[in-house]
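Residue numbers (our numbering): 2 to 214.
Ideal Cβ positions, reconstructed from N, Cα and C, are used throughout, including at glycine.
What follows is a single structure, written as structure tokens, with notes after it.
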Amino acid sequence: MKILSNTFLFALVSMAAASAQATTINFDDQGLIGPGTFVNATPSPQTLNIAAGGVLATFSGGVILTQTTDLPANVTSIYGTADFGKGTVNPLTVTFSQAVQNIFFDVLNGQSAATFSVTDNLGNVQVFSIPDNLSSGMITIGLVSTATTFQISQNNGSSPFDFFIDNIHFNEAAVCTGDSCTPVATSVPEPGSLALLALGLGGLAATRKRKQA
């Protein structure tokens, strides 16, 4: 019974730590707006500096578009790039002011089908195949590593590129099956939730002390 209690305590503390660290950058939440099309985007490309989770994230290579066509209903502003002669590039890059652990992107692919690579500055890489999903929703892809710079590339050879990213998760717990890794759904707990967790841990500790007395 003592081993079970220790394991339970460790699990609760681990869950609280993971929830407190996980961070998501949603461009809709940043007050960022832009035109509805790439051709009207100026300046292009557009560098974004967003502070989140105690670090500064710098996005480069793309532009913010707002209310562009074929986005999912719950998406308003999104960071994208396309080979339309406006200076946006493939790959898109996000650089953090300090190393972060595990990164995931929601991706909207404007091509009929394409493979994507997520790489970091340490040489780690993960490759994904994504269908045209602009009107049907987003696909989450990412890389389990600890690094400062990450790039997402559309691997089309000489073909035009066209894709968007949103909801960038980092310092995110991950579950991996084979070569595929997905983020664990975590969120920063409300103060009330933290208080309940503290009370629960205190109660478990008090119970253990009474049993040992």
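Hey, how far is the Cα of residue i from the Cα of residue j?
i    : j    : result
F105 : T120 : 11 angstroms
G54  : F162 : 31 angstroms
T178 : T94  : 26 angstroms
Q31  : F60  : 13 angstroms
V126 : Q22  : 24 angstroms
F28  : S78  : 6 angstroms
L219 : A100 : Any property of residue 219 remains undetermined from this structure, which presents the chain solely from 2 to 214.
N172 : T141 : 15 angstroms
Could you tell me the boundaries of the alpha helix (DSSP H) in which residue i lies?
i    : result
Q152 : That residue, Q152, is in no alpha helix (DSSP H); its beta strand (DSSP E) goes I140 to N156.
Ignore the nearest five residues each way along the sequence and tell me which others in residue i's own chain have a CB closer than 8 angstroms to its CB.
i   : result
V40 : F85 and K87
Would you kindly report the start and end of the unbroken beta strand (DSSP E) that includes residue i?
i    : result
Q127 : V126 to P132
Q224 : Coverage of the chain is limited to positions 2 through 214, which leaves residue 224 absent and any answer about it impossible.
S78  : S78 to A83
L135 : Careful: L135 lies outside any beta strand (DSSP E) and carries neither H nor E.
N50  : L49 to A53
T89  : Careful: T89 lies outside any beta strand (DSSP E) and carries neither H nor E.
N122 : N122 -> no beta strand (DSSP E), and no H or E assigned at all.
Can you list, in chain order, the residues of its chain with a C-beta nearer than 7 angstroms to that of residue i? Leave out the 5 residues immediately preceding and following it.
i    : result
A175 : N103, V145, C182, T183, P184 and V185
Could you give the DSSP three-state label for residue i: helix, strand or coil?
i    : result
V64  : strand
F39  : helix
D30  : helix
A114 : strand
For residue i, which residues of its own chain have a beta-carbon under 6 angstroms away from its beta-carbon, when the five flanking residues on both sides are left out?
i    : result
G138 : P73
| Taking three-plus beta-carbon pairs below 8 angstroms as touching, is the stretch 149-161 in contact with the stretch 112-126? | By the C-beta criterion, the stretch 149-161 is judged to be in contact with the stretch 112-126, since at least 3 inter-stretch pairs fall below 8 angstroms.
| Hey, is the stretch 24-35 in contact with the stretch 62-71, meaning 3+ C-beta pairs nearer than 8 angstroms? | The stretch 24-35 is in contact with the stretch 62-71.
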